[in-house]
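Sequential numbering from 1 applies to the sequence shown in our numbering.
Backbone N, C-alpha and C fix where the C-beta goes; we use that ideal spot for every residue, glycine too.
First the structure, in the form of structure tokens, and then the observations on it.
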Amino acid sequence: MAKKKKAERPQREFTRRQLSAFKRQKRRQRIIFIGGVTVVAAIIVVILVGWVMSEYIPLRRTVLQVNDAELKMAYYVDALKISQLSQPQTDIQQLAPAVLEQLRQREILTQAAVKIGVTVTNEEARQAIEQAGFPVTDGGIRLFKSELLSAKLKSAYFEKQVGDSGLHVRPLITMLEGPEKAREIRERLVNGDNFTALAEEFSTDYYSKNINKGDFGLRPRGLLKDQLSSAIPLDFAFSAGVGELSQPLSDNETYKQLGYWLIRVNNRQEEGSANVSAVLISDLVLAGKVKARLEAGEPLGPIADELSNYSPSKENHGELGILTDTQNVTTVFNKYVWQSAPELGKWSDPILETDLWSQGGAWLVKVLEREENRPYAAEDKQALVGQALNDWLTRVFEDPTLKVVDGLLTDDMQQWAIDHVTKYVESLKRRAI
């Protein structure tokens, strides 16, 4: 049986009016759609512009430049976040400038470490950040890389530089107030007097007088350098043979808490007032020679300019001018001027002063023991490594080729960073509630 054909529906015919209305409706829909897209796009643009102006651009401003490296605001903000989170009790206004200086020092250190082949990997820094409980950010990774660098410099570089052994010397060392005194004490040592007893009595060096009586023990040079204010005695000790006693070793740089006044009261205009000239000389023998020169008629000014160790005397060419008895120069100075009734216009004999410091002296050194390639004690090696690192850091920060551009972080930029970090920390507190 044949299939019944489906009746075809006649095609609908639109009148001109209907077609016109349909086209108008399509146009309205298109206009509405385009308008909606335009509004949404405008909103997005406004949001993006606001973000670019308030976040993107500020975060990419340079806050510090070290050589060719520019440190951006984003890095500064990340470092400030970590500092604030690790020191919540510290005012962020105080932290902000300290963090910038910290970044400056660490960038200098990082660049110098690269030159000697020492670096910290991103993964090492990431692990340290996670262990500390701070958010892992690009700035945080950079900050922690610099934090880990000091330890790595010690372990990966300076421990090898120091080595495991080296020359050890046991020196007896004392500093005397001047060459004449040193010659006197040396003669006594040659005649059999005890070095440590003489050091305790006459030394002007703090350690040899008050700590070890001149016996510095069997030590490497680097550790003795920390205990002595001069390389002069060490140069002899580490080049001389066992049993050698040095001649007096002159030192015009080292300071000692000792000197000798030469004082002249020129006149007394009224009670409790006097016109005074004075110089503070570094040792007794020299003070006696200076007094003789002054009494022979040499001008005071050039002598004071060259030899006085009291700043007002040196700056005023020996003339202290009008003093009153209410001015406390030192106890021994005031006692001579106001209580001893000195003869006007006459120079005093040398007067010992132990409250002020003078420059210069002479060392005596005797070598008791010397051992080449002696293994370093563990604590000595640790100290030598730390000392080597510190010496290297001094050279790095004093490098004349180092170029640092400061002043890029304005007060407004710093306040922006502070506000940014403050909002961030407050948001973390709200989440924790």
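Neighbourhood of residue i by C-beta, 7 Å cutoff - its chain only, sequence neighbours within 5 removed
i	result
I185	L176, L198, F202, L364
A383	L223
I496	Since the first residue of the chain shown is 1 and the last is 433, residue 496 is not available in this structure.
T137	D78
W416	P58
V162	K381, L384, V385, A388
R142	Y75
Y424	K81
L286	G178
P375	D164, S165
E372	L167
V46	In this predicted model, V46 has a pLDDT of only 44, less than 50, meaning its place in the structure is not dependable enough to derive any value.
is_contact[residue i, chain D] using C-beta, thresh 8 Å
i	result
K181	Among the chains of the structure shown, chain D does not appear; only one protein chain is present.
Paired residues, beta bridge with residue i - DSSP
i	result
P58	In the DSSP output, where bridge partners are listed per residue, P58 has none listed.
W363	M175, L249
G434	Since the displayed the chain opens at 1 and closes at 433, residue 434 lies outside it and no answer follows.
K72	T62
P375	S165
N267	N275
D215	L172
V77	Answer is none; V77 lacks a bridge partner.
P220	H168
E369	R170
V405	Q65
Nonlocal neighbours in the same chain, by C-beta distance under 6 Å from residue i, ignoring five residues either side
i	result
L284	Y260, P350
A182	L176, P248, A362, L364
R370	V169, V242
E180	V285
W357	Y255, Q257
Residue i and residue j closer than 8 Å at C-beta
i	j	result
N309	Q359	yes
L408	V63	yes
L389	K154	yes
A292	G318	no
V66	V404	yes
L245	L189	yes
T330	E353	yes
L262	I281	yes
F238	G214	no
K366	L228	no
Q105	I92	no
V276	V337	yes
S311	A304	no
Q87	L95	yes
G148	V114	Inspection of the sequence shows that residue 148 is occupied by Leu rather than by Gly. Not in contact: L148 and V114 (Cβ atoms no closer than 8 Å).
S230	T174	no
Y157	I116	yes
Proximal residues to residue i (C-beta, below 8 Å), its chain only, five neighbours per side dropped
i	result
L69	It should be pointed out that residue 69 corresponds to Ala in this sequence rather than to Leu. For A69, where only same-chain residues beyond five positions count, the Cβ hits under 8 Å are E107, Q111.
P135	K81, I129
L344	V265, N266, N267, R268
S150	L109, L389
V328	Per the sequence shown, residue 328 should be read as Asn rather than Val. Closer than 8 Å at the Cβ level, and outside the excluded window around N328, lie N334.
E159	K381, V385
K225	A231, L234, Q387
Cβ-heavy atom distance, residue i to the ligand FAD, below 7 Å
i	result
V114	This structure does not include the ligand FAD; it has no bound ligands of any sort.
Run through the stretch 274-359 for me and flag every whole beta strand (DSSP E) of 3 or more residues, listed as ranges in chain order. 319-324, 351-353
Three or more C-beta pairs below 8 Å linking the stretch 103-117 and the stretch 390-397: yes
Do the stretch 283-303 and the stretch 238-253 touch if we need at least three Cβ pairs shorter than 8 Å? no
Could you tell me which uninterrupted alpha helix (DSSP H) segments, each at least 4 residues in length, are contained entirely in the stretch 124-197, listed from first to last along the chain? 138-147, 149-153, 159-162, 179-190
Three or more beta-carbon pairs under 8 Å between the stretch 165-176 and the stretch 118-125, yes or no? no
With three or more beta-carbon pairs closer than 8 Å as the criterion, would you say the stretch 412-425 touches the stretch 70-78? yes
How do the stretch 211-229 and the stretch 309-327 stand: do at least 3 beta-carbon pairs fall below 8 Å, yes or no? no
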